[in-house]
Every structure is written in structure tokens, then in C-alpha cells.
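Chains as they are written, first to last, in the numbering used here: chain A, 174 to 366; chain B, 174 to 366. Yeah, the Cβ is synthetic: ideal placement off N, Cα and C, and Gly gets one too. Bear in mind that the values here come from a model prediction, so they are computed numbers and not experimental data. First up is the structure itself, then whatever we jot down about it.
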DNA sequence: CTTAATTTTTGACATAGATAAAAAAAATTA
DNA sequence: TAATTTTTTTTATCTATGTCAAAAATTAAG
């Protein structure tokens with residue numbers, strides 16, 4: 174890491190859940206590397222096991238999978254959020270997800286090996302993971318509820334609420350596949366209000 | 174705890190993810206209490222903050238919420254699974270979920286206070302939570318996919334796959350609300366095959 | 001700038017699944 | 001075991017959203 178100011182972004186993120194000792198900060202700084210991706214660039218390919226986690230410093234990433242030849246968006250990650258192929262990273266096996274950059278991206282990158290090292294040596298990292306996964310789990314539960322008992326319009330409103338800050342940066346087609354509706358339907362919903 | 178054999182069930186569960194030291198086993202045994210619930214009994218009420226987690230030893234529990242006066246099943250927990258109101262437990266705030274017993278239930282009960290104590294003193298408990306939440310997160314992702322791009326029949330098949338062992342113990346109406354389809358539709362799907 | 005490629009919008013039509021109401025079956029209680 | 005309540009099934013319509021096709025608008029490339 175050259176830019177010590179930049180890394181503060183991810184430190185601040187950790188510190189929302191845990192206290193970072195100087196030792197841990199040093200260990201993190203030694204292991205985190207910076208990567209950049211051009212808009213449209215593929216960051217992770219489903220034919221590979223995912224062994225990295227990206228923390229976005231600037232830009233927008235998307236996890237998606239292919240169904241019947243079409244890209245189905247699974248989730249979007251923006252500034253100060255992680256992006257990876259969760260199950261692949263956890264189980265060290267293949268999963269269906271691709272990751273690409275919707276905008277030019279600057280990201281911090283932590284390898285699985287380094288993550289494991291940190292979990293083994295810093296219990297507070299385990300806590301961080303437990304707490305932040307709890308938050309994500311909550312979002313998923315809300316999303317499941319939103320998927321089940323709402324009209325297409327309500328689904329879209331729920332999307333607008335959860336991706337409040339970044340919804341305008343995501344193309345309509347990607348939003349439609351994320352919501353499980355057709356882009357025609359979404360276009361009509363937008364036209365009405 | 175009187176029955177030392179019984180508590181092995183939950184020890185074995187922990188040991189799927191972590192090693193349990195004798196110290197931790199003792200601490201757990203001191204804190205876990207047994208509770209029983211009759212079929213139909215309300216275990217957790219949405220007007221209360223959830224401050225307990227139940228690990229089911231025998232029977233079947235359900236988390237649900239009320240929408241337009243109807244009970245919408247969120248998830249089911251059977252033997253060797255946890256049941257609680259996740260976000261309420263995590264944030265110490267109210268959430269929408271009720272929990273009831275679909276069958277007579279015998280469960281181990283751990284209070285939030287005791288959970289916190291264990292997290293604070295046993296880093297391996299943090300790891301256990303991280304790993305088991307990862308598994309749950311994977312299930313949720315699959316469920317979200319299943320909710321979005323499949324017909325009612327495919328949703329039902331996905332339910333049968335995920336609740337393979339216990340699907341026959343869950344009433345049709347509860348399954349329908351879990352899947353976000355009407356019970357009439359589910360009844361027709363069952364009739365066909 | 002001009003052309004090509006991609007994304008979004010619009011229109012016509014089809015259909016899976018919702019809704020409503022009532023009968024049948026199963027489970028619970030007296 | 002009869003009576004009551006709850007759950008499931010069936011029948012008949014209705015509607016939101018999907019599908020297909022093509023035009024318009026936007027973005028990217030030469």
C-alpha cells in the first residue's frame with residue numbers, strides 16, 4: 174500500500190463493528206492490495222474458484238449468473254462494500270456467479286489465504302465477519318419477503334429503498350433481472366410514475 | 174442440565190464447525206436450559222424483543238409474520254437447528270416475526286446474555302457463528318434465486334429439496350405462504366403429480 | 001460527426017396464477 | 001363417536017405480468 178490515506182476507508186468500515194489494534198492495522202495494510210477494473214471488465218469467472226474478496230473504494234460491481242443464456246443480476250456492490258462469490262469463497266468450490274465492473278472500479282483486494290490468516294490470529298476479525306454477515310442476512314430476509322408478496326411495482330420500490338444511493342447508476346435491464354421481472358414490465362412501471 | 178446425553182446433540186452440532194474444549198462444554202452446559210412447547214404454542218411474540226435462541230432437540234418450529242391479517246411463514250426449523258427472530262436478537266429491537274411450535278417441541282435455550290458471554294470469552298464461538306451464518310446465507314441466496322425465476326411448481330420442488338426430511342410434517346397452507354403462492358395453487362400442483 | 005451497437009420503450013396478445021365461493025376431507029374437542 | 005373446527009380441494013372467472021416483435025432512444029466506436 175502506498176496511499177495510507179486510502180486504506181483508512183476500509184479501516185473505518187471495520188471499525189463500525191470492531192476496534193482495530195495497531196498490530197491488526199499493520200497486518201491488514203501488508204496484505205491488502207489495490208486493483209483497478211475498467212467498466213465492463215470481468216472480475217471473477219464462474220469457471221474459477223473464488224479466492225479473493227474485493228472491498229470497493231470507488232465504482233460499482235455486480236455479481237450475476239447465466240440462466241437460459243441471459244445474465245441474471247444477483248446483487249450490486251458500491252463504495253465501502255464487499256464483493257465476492259460468497260459460497261465459492263467459503264467452500265472453495267465452484268459456484269454459478271460471475272462478477273463484473275459496471276463502472277470503472279478501484280478496489281482493495283484480500284486473498285482467501287490472508288483472510289484465513291487474519292481469522293486465525295485476530296478473534297476480532299471473526300467478530301467482524303459474524304456481525305457484518307448478520308447485517309447481510311437481514312437484508313436477504315427483507316429481500317425474500319419483498320420477492321414473495323409484492324407486485325412488480327412494490328418490488329421495484331423495495332429495490333429503490335435498498336439501493337437508494339446508487340440505483341440511478343444501474344442499467345434498467347440489470348435491475349429487472351435482479352428483481353425477477355422483465356425489462357418491459359420495469360420500463361412500464363417507470364413510465365407510470 | 175440433568176440429561177447429559179441429551180446435550181450431546183447440540184455439542185455435536187457445534188463440533189461440525191469447531192472443536193469444543195472441556196471448559197467451553199462446561200460453560201455451555203451451565204447456561205443451556207431445556208424448554209418444552211405444546212403444538213400450536215406461541216414461542217416468541219413480535220411485540221417483544223427476542224432475547225433467546227432455541228436449538229431444537231425434538232419437534233418443529235416456525236417463524237412467521239402477519240401480512241393483511243394472514244400468517245406468512247418465513248422459515249421452519251427442525252431437529253438440530255436454531256430458531257429465533259434473527260434481526261431482533263442481533264439489534265435488540267422489535268422485528269415482525271412470531272415463532273410458534275408446529276409440533277410438540279423440546280428445545281435447548283440460550284439467552285442473549287449467555288450468548289454474548291460466550292462470544293466474549295470463546296473466540297471459537299465467534300467462528301462457529303461466522304461459519305454457520307455462511308451456510309445459512311448460501312441457503313438464502315438459493316432461495317432468492319428460486320423465488321425469482323421459477324414457476325410455482327419449480328418453487329415447490331425447491332422447497333421439497335431444501336426441506337427434504339421434514340416437508341411432510343408441514344401443513345400445506347404454511348408451505349404456500351412460505352413460497353409466496355396461494356394454497357389453491359399449491360393444492361393443484363400436488364394434485365397433478 | 002456518422003455509423004453501429006446497445007439499451008429502453010411501446011404495442012398486441014397469451015397465460016400462470018390470483019381471487020372468490022363452496023364442497024370435501026381431516027383433525028380436534030366434547 | 002358425534003360435533004365442531006380447521007385444512008385442503010375443486011370450479012369458475014379475472015388480472016398482472018410474461019412473451020414476441022418492432023420502433024425509438026441512448027451510448028459507444030470508427
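{"Query": "Where residue 218 of chain A and residue 227 of chain A are concerned, what is the direct C-alpha to C-alpha distance, given to the nearest angstrom?", "Result": "14 Å"}
{"Query": "State yes or no: is the C-beta of residue 273 of chain B within less than 9 Å of the C-beta of residue 234 of chain B?", "Result": "yes"}
{"Query": "Could you please give the first and the last residue of the uninterrupted beta strand (DSSP E) stretch that includes residue 206 of chain B?", "Result": "206–210"}
{"Query": "Taking Cβ to Cβ, would you say residue 303 of chain B is nearer than 9 Å to residue 314 of chain A?", "Result": "no"}
{"Query": "Which bits of chain A does residue 322 of chain B rub up against, with CB to CB less than 8 Å?", "Result": "240, 245, 353"}
{"Query": "Closer than 8 Å, Cβ to Cβ, to anything on chain B: give me those residues from the region 335–347 of chain A, in chain order.", "Result": "none"}
{"Query": "Just verifying my parser: in three-state terms, what is the DSSP assignment at residue 216 of chain B?", "Result": "strand"}
{"Query": "What is the rounded straight-line gap between the Cα of residue 216 of chain A and the Cα of residue 317 of chain A?", "Result": "27 Å"}
{"Query": "For chain B, find out if any of its Cβ atoms is closer than 9 Å to the Cβ of residue 289 of chain A; answer yes or no.", "Result": "no"}
{"Query": "Given a threshold of 16 other Cβ atoms within 10 Å of its Cβ, counted over all protein chains shown, does residue 194 of chain A qualify as buried or as exposed?", "Result": "exposed"}
{"Query": "With 16 other CB atoms within 10 Å as the buried threshold, where does residue 174 of chain B fall?", "Result": "Reliability of the predicted coordinates at residue 174 of chain B is poor, the pLDDT of 46 falling under 50, and the value obtained from them is presented with this limitation in mind. That one is exposed."}
{"Query": "How big is the Cα-Cα spacing for residue 242 of chain A and residue 295 of chain B?", "Result": "47 Å"}
{"Query": "Using 9 Å as the limit for Cβ to Cβ distance, is residue 299 of chain B near chain A?", "Result": "yes"}
{"Query": "Are the beta-carbon atoms of residue 205 of chain A and residue 191 of chain A separated by less than 9 Å?", "Result": "no"}
{"Query": "Using a Cβ-Cβ cutoff of less than 6 Å, which residues in the same chain neighbour residue 246 of chain B once the five nearest sequence positions on both sides are dropped?", "Result": "235, 237, 347, 350, 351"}
{"Query": "Using DSSP bridges, identify the partner residues of residue 349 of chain B.", "Result": "In DSSP, residue 349 of chain B forms no bridge with anything."}
{"Query": "The beta strand (DSSP E) that contains residue 235 of chain A, what's its start and end?", "Result": "234–240"}
{"Query": "By how many angstroms is the C-alpha of residue 293 of chain A removed from the C-alpha of residue 300 of chain B?", "Result": "9 Å"}
{"Query": "How would you list, in chain order, the residues of chain A whose beta-carbon sits under 9 Å from the beta-carbon of residue 310 of chain B?", "Result": "259, 260, 263, 306, 309, 310, 313"}
{"Query": "DSSP three-state call for residue 251 of chain B: helix, strand or coil?", "Result": "coil"}
{"Query": "Can you list the residues of chain A that residue 325 of chain B reaches, using a CB-CB cut of under 7 Å?", "Result": "Going along chain A, no residue has its Cβ under 7 Å from residue 325 of chain B, so there is no contact; the nearest lies around 12 Å."}
{"Query": "Within the same chain, show all residues whose beta-carbon is closer than 6 Å to that of residue 282 of chain B, passing over the 5 residues directly before and after it, in chain order.", "Result": "206, 208, 225, 227"}
{"Query": "Would residue 262 of chain A pass as a contact of residue 221 of chain A if the rule is Cβ separation under 9 Å?", "Result": "no"}
{"Query": "Can you tell me whether DSSP reads residue 194 of chain A as helix, strand or coil?", "Result": "coil"}
{"Query": "Among A/244, A/287, A/213, A/278, which has the Cα closest to the Cα of residue 229 of chain A?", "Result": "A/278"}
{"Query": "Sort A/289, A/343, A/188, A/280 by Cα distance to residue 211 of chain A and report the nearest one.", "Result": "A/280"}
{"Query": "For my contact list, residue 354 of chain B and residue 325 of chain B are in at a C-beta cut-off of 8 Å; report their separation, rounded to the angstrom.", "Result": "5 Å"}
{"Query": "List, in chain order, every chain A residue whose beta-carbon is nearer than 7 Å to that of residue 303 of chain B.", "Result": "299, 302, 303, 306"}
{"Query": "Considering only their Cβ atoms, is the gap separating residue 271 of chain A from residue 252 of chain A smaller than 9 Å?", "Result": "no"}
{"Query": "Please report the Cβ distance between residue 258 of chain A and residue 223 of chain A, rounded to the nearest whole angstrom; I am assuming they are in contact, meaning their Cβ atoms lie under 8 Å.", "Result": "4 Å"}
{"Query": "Rounded to the nearest angstrom, what separates residue 196 of chain A and residue 199 of chain B at their Cα positions?", "Result": "33 Å"}
{"Query": "Using a Cβ-Cβ cutoff of less than 7 Å, which residues in the same chain neighbour residue 256 of chain B once the five nearest sequence positions on both sides are dropped?", "Result": "227, 229, 234, 236, 250, 272"}
{"Query": "Is the beta carbon of residue 309 of chain A sitting closer than 9 Å to the one on residue 310 of chain B?", "Result": "yes"}
{"Query": "Determine the closest residue to residue 167 of chain B out of B/356, B/291, B/362, with distance taken between C-alpha atoms.", "Result": "Given that chain B is displayed from residue 174 to residue 366, the structure contains no residue 167 of chain B and the question cannot be resolved."}
{"Query": "Can you list the residues of chain B that residue 235 of chain A reaches, using a CB-CB cut of under 8 Å?", "Result": "Residues of chain B passing the Cβ test: none, with the nearest at roughly 15 Å."}
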